[in-house]
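Trainee:
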Amino acid sequence: MVELLCQAKVTPKIRTPWTWKAQPWEYRLPILRTLLAYGADPDSFVTEEEPGFPLINAAKDGCLDAVQLLLSNGATLDLSIPSHNGTALQAAVFEGHVDVAKYLITCGADTDVPYISTSTELPYRFSLNQGRIYLQTPVQIAAERDNTPLLQILLDYGACVWAYPIAVHPAVKRVASNTSSHELFGEVDLGPWYKRGSQIYTALQYAAINQNLDMARLLLSRGIDPDSRIAPDIGDTPLQISARLGNITMSHLFLNSGADINATPDACKGRTALQGAAESGNLELLLLLQKHGAWIGAPAAKEFGLTALQAACYNGHSVIVGSLLAHGADANEPPASLGGLTSLQGAVSHGDMRLIRDLINLGAEADSPATYMGKTALLASVKHRSLPIVELLIQHGANVNQPRDCRYITLLDPTVTPLQEAAREDWLQGVELLLKHGANANYLAPPGEYEDVIADLLSPLGWAISNGSEAMVELLLDHGASVRTVASWIGVENMGALVSALRYEPDPGIIQLLLAKAPHLEKHYGWEATLEALLYGGNEMPVVVREMVVEKVLSMPPSLYQTVVRKGWNALPDSDWMEDEDCLCFVELFTKIGAPLDECDENETTLLQRITACGYSQCCRFLIKHGAAVNTHAAKWHGTPLQQALKNGYTEAANALLDHGADVNALPATYHGVTALQAASIDGLPDMVVRLLELGADVDAPAAPIEGRTAINGAAERGYWDIVQILLNAYQAQEADLMPVCVEAAEYAEREGHINLAEWLRGYSPA
1 MVELLCQAKV
11 TPKIRTPWTW
21 KAQPWEYRLP
31 ILRTLLAYGA
41 DPDSFVTEEE
51 PGFPLINAAK
61 DGCLDAVQLL
71 LSNGATLDLS
81 IPSHNGTALQ
91 AAVFEGHVDV
101 AKYLITCGAD
111 TDVPYISTST
121 ELPYRFSLNQ
131 GRIYLQTPVQ
141 IAAERDNTPL
151 LQILLDYGAC
161 VWAYPIAVHP
171 AVKRVASNTS
181 SHELFGEVDL
191 GPWYKRGSQI
201 YTALQYAAIN
211 QNLDMARLLL
221 SRGIDPDSRI
231 APDIGDTPLQ
241 ISARLGNITM
251 SHLFLNSGAD
261 INATPDACKG
271 RTALQGAAES
281 GNLELLLLLQ
291 KHGAWIGAPA
301 AKEFGLTALQ
311 AACYNGHSVI
321 VGSLLAHGAD
331 ANEPPASLGG
341 LTSLQGAVSH
351 GDMRLIRDLI
361 NLGAEADSPA
371 TYMGKTALLA
381 SVKHRSLPIV
391 ELLIQHGANV
401 NQPRDCRYIT
411 LLDPTVTPLQ
421 EAAREDWLQG
431 VELLLKHGAN
441 ANYLAPPGEY
451 EDVIADLLSP
461 LGWAISNGSE
471 AMVELLLDHG
481 ASVRTVASWI
491 GVENMGALVS
501 ALRYEPDPGI
511 IQLLLAKAPH
521 LEKHYGWEAT
531 LEALLYGGNE
541 MPVVVREMVV
551 EKVLSMPPSL
561 YQTVVRKGWN
571 ALPDSDWMED
581 EDCLCFVELF
591 TKIGAPLDEC
601 DENETTLLQR
611 ITACGYSQCC
621 RFLIKHGAAV
631 NTHAAKWHGT
641 PLQQALKNGY
651 TEAANALLDH
661 GADVNALPAT
671 YHGVTALQAA
681 SIDGLPDMVV
691 RLLELGADVD
701 APAAPIEGRT
711 AINGAAERGY
721 WDIVQILLNA
731 YQAQEADLMP
741 VCVEAAEYAE
751 REGHINLAEW
761 LRGYSPA
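Residue 672 in the UniProt record's numbering sits at position 672 of the sequence shown, and the numbers go up by one each step.
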């Protein structure tokens, strides 16, 4: 087929890459040969891709025949497409295609690509490997992929081991250091997480990360710097990486190769070699590094850094802690300014009671303040739900009301004080203990600097309510917790306890406690929102909860709540989720608290008009029984209740309205309006047509001014023979001139394809 098209002078091009990649190469190769034979551009015959795509794609897929064919037909060797892993050689190396990579090199492929300038555009964040691989040399790529044989081939063909093109870019720190987005959605991970899918490293760093001893030896034998990093002081050195991973063999190799044992760590989450060994818990490695002169007192890196002692405490390595203290480590070493922890805060984060006690006995301060993005010892202790740890810290001076920095509150780490955290964890015993020692039951953090994260900001009572813990709510109320403000959000007004309880899964016991605390509904902060939550809260709200709040509403002056009631009444029915039974529940509730039955909404419709349009017959009967007007006039867009019911085919509601005197000849709405008879005729409801005629409906009532239809025209337009006949009989009873009526109806029928009906109408004569 491709050859026939080419013979017919069709341009040998393919538009979309998906068309080209859809088939395996055994099918694509013959097509490729044909396209090239008929003059296809080997670089650009896939028109919606950048030049070079065919060769890069073939190399990525490992199809040597296609690579050879394209190159023999003049394909450019080193064209690069960032979204497809760079050049053909980079793509082949990334996928591990040794034969293709070797062939490309023998054809002269540049082994030291890419070429990066200070103006090269870098993505803000890498998505998996998109836009990252092309920034690395083939040597880096082979090392990252842990492919020693391919790395050997590259080096044997002269590839440079110390080329890091990204180093010249001003944004190198963003892609080559441990810097993160500060984990806005949760707690910061202080461990050695080497993000191979999102960061860039040197070949030797990759060897250390992969713990590939043979690769590291190969690279060192070719002259790579044992302290190689993409740029000075950015990222961990190979020795620091090996130490953090606890690999003593590789650490030996780097030390023997001249690695700087006290090299400055990365400013973000970096560790010196000794700090890394302490973090890993490898005592043998720690002692080896000390023997080689590692500095035990090296300060923590600026952001999320840990000293050797802090790292050991944070990871619970008590033997390492003992060794470091024995060699002079200070139990009160200052923490990193951002996200740092003291030794005691680190030990508490791990939860080792013995280690915590030992540090306190050695003078560690239990009341050290939290750093920005850090935690106090007492706040960190709550997650372990250990009363002995909490009691020990309080006994040694921990302040139960000391908050951490309010600017750092995330979606998964939203608490500021120990009591808030205990309440969030639903730890009743912890809450009781903290209250016993004077914890503030009303602390609520003010909104801070959240960047793109919105977190729940709740007081201890707010957390207890959200967890549905009646016992904790009662305990907090007994200790002075205020029901006024328990929650706030960015850009949203504060929320009182009662509305908060109603917006979560409402618990009758909790609601009763809150109402007992403040019996007058208007004394609750945001009581209007409380009433709205009751009125719009969905049918899942327990009946007993509704009754409790309604009782409070009825004790208020009507002038206070009528505005809210009207707003809720005019919002009914919510057709997105309400069924007839659901709506009836709300209608009964509103009626009980004095909703005006014939109140009109902004569209000038009453509730009866709106519910009949939904076919809610139970609600319809209830409203009629309680005195709602059945003959409300049609509005601009909405008909009378009867017209609305029939227009939507709801005969049960329509019959209920007719049983209570609905006007069958009321004028229709201006736009798309219908009389009751017109609606029944258009909807194909012959029984209703008969009943309406029996009740005196005007068969010849004029159509609405805009897009209206007479009854017979509407029935003919939809091909309802039976209704047309019923209506003609009604016309005859009035001794009307049927000729113009039939001719006009025939036109409507014919327009919609009802040819037989149209012909019948044109030839109609009364029996």
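Built from N, CA and C at the ideal position, the CB exists for glycine as well. Predicted model only: the values in this text are computed from it and were never measured.
Count the other CB atoms, across all protein chains shown, that sit within 10 Å of the CB of TYR27; report buried if there are 16 or more and exposed otherwise.
Mentor: exposed
Trainee: For LEU515, name the three-state secondary structure that DSSP assigns.
Mentor: helix
Trainee: Pick helix, strand or coil for ALA628, following the three-state DSSP scheme.
Mentor: coil
Trainee: Pick from LEU70, HIS396 and ASP61: whose alpha carbon is nearest that of residue 780?
Mentor: This structure cannot settle anything about residue 780, because the visible part of the chain is limited to 1 through 767.
Trainee: Under a three-way DSSP split, which group does LEU458 fall into?
Mentor: Three-state DSSP puts LEU458 in a strand.
Trainee: With contact counted as at least three CB pairs below 8 Å, one residue from each stretch, are the region 351-370 and the region 277-297 in contact?
Mentor: no
Trainee: THR16: buried (16+ other C-beta within 10 angstroms of its C-beta) or exposed?
Mentor: exposed
Trainee: Just to confirm my understanding: we take LEU695, look at its own chain, exclude 5 residues before and 5 after, and list those with CB closer than 6 Å. What are they?
Mentor: VAL664
Trainee: Would you list the one or two residues that DSSP bridges to GLU284?
Mentor: GLU284 is not bridged to any residue.
Trainee: Could you tell me the boundaries of the alpha helix (DSSP H) in which ARG611 lies?
Mentor: Before going on, a small fix: residue 611 reads as Ile here, not Arg. Element bounds for ILE611: 607-614.
Trainee: Cα separation between ILE465 and LEU515?
Mentor: 14 Å
Trainee: Might you give, ordered along the chain, the residues of its own chain that have their beta carbon closer than 7 Å to the beta carbon of ARG621, omitting 5 neighbours on each side?
Mentor: ALA656
Trainee: Put CYS107 into one of helix, strand or coil per three-state DSSP.
Mentor: Taken through DSSP and simplified to helix, strand or coil, CYS107 comes out as coil.
Trainee: Would you list the residues sitting across from ILE706 in a DSSP beta bridge?
Mentor: TYR671
Trainee: Would TYR115 and PRO82 qualify as a contact pair, given that the criterion is a beta-carbon distance under 9 Å?
Mentor: no
Trainee: Report buried or exposed for LYS625, applying the criterion of at least 16 other Cβ atoms within 10 angstroms of its Cβ.
Mentor: exposed
Trainee: How is LEU122 classed by DSSP in three states: helix, strand or coil?
Mentor: coil
Trainee: Is the beta carbon of ILE261 less than 9 Å from the beta carbon of ILE241?
Mentor: no
Trainee: Is ASN494 helix, strand or coil when you go by DSSP?
Mentor: strand
Trainee: How many angstroms separate the CA atom of MET249 from the CA atom of ALA259?
Mentor: Met is not the amino acid found at residue 249; the sequence shown has Thr there. Looking at the two C-alpha atoms, the distance is approximately 14 Å.
Trainee: Whose C-beta lies closer than 8 Å to the C-beta of ILE511 among residues of the same chain, with five residues either side of it excluded?
Mentor: LEU498, ALA501, LEU502, VAL545, MET548 and VAL549
Trainee: Assign residue 768 to one of three DSSP states: helix, strand, or coil.
Mentor: One cannot answer for residue 768 here, as it falls past the ends of the chain, which runs 1 to 767.
Trainee: Quick one: grab the DSSP three-state call for GLY74.
Mentor: coil
Trainee: Please state whether DSSP places LEU584 in a helix, a strand or coil.
Mentor: helix
Trainee: Within a Cβ cutoff of 6 Å, which residues of the same chain sit near ALA701, ignoring the five residues on either side of it in sequence?
Mentor: Result list for ALA701: THR675, in chain order.
Trainee: How long is the line joining the alpha carbons of ILE712 and ALA736, rounded to whole angstroms?
Mentor: When rounded, the distance between both Cα atoms is 14 Å.
Trainee: Is it right to say THR632 is buried, meaning 16 or more other beta carbons lie within 10 angstroms of its own, or is it exposed?
Mentor: Counting Cβ neighbours within 10 Å, THR632 comes out buried, since at least 16 surround it.
Trainee: Excluding the 5 residues flanking HIS638 on each side, which residues of the same chain have their C-beta closer than 7 Å to its C-beta?
Mentor: ASN603, THR605, GLN609, GLN644 and ALA669
Trainee: Residue range of the alpha helix (DSSP H) that PRO238 falls in?
Mentor: Where PRO238 is concerned, the enclosing alpha helix (DSSP H) stretches over 238-244.
Trainee: What are the complete alpha helix (DSSP H) segments, minimum 4 residues, inside the region 168-232?
Mentor: 172-176, 203-209 and 213-221
Trainee: In whole angstroms, give me the CA-to-CA distance for SER381 and TYR443.
Mentor: Those two C-alpha atoms are separated by around 19 Å.
Trainee: With DSSP as the reference, label TYR561 as helix, strand or coil.
Mentor: helix
Trainee: DSSP three-state call for ALA487: helix, strand or coil?
Mentor: strand
Trainee: Looking at the strands, I want to know which residues DSSP matches up with TYR372.
Mentor: Residue pairing of TYR372 in beta bridges, as defined by DSSP: LEU338.
Trainee: Name the DSSP bridge partner or partners of residue 773?
Mentor: Past the edges of the chain, shown from 1 to 767, lies residue 773, and the structure says nothing about it.
Trainee: If MET495 sits next to VAL486, beta carbons under 8 Å apart, how far is it from one beta carbon to the other, in whole angstroms?
Mentor: 7 Å
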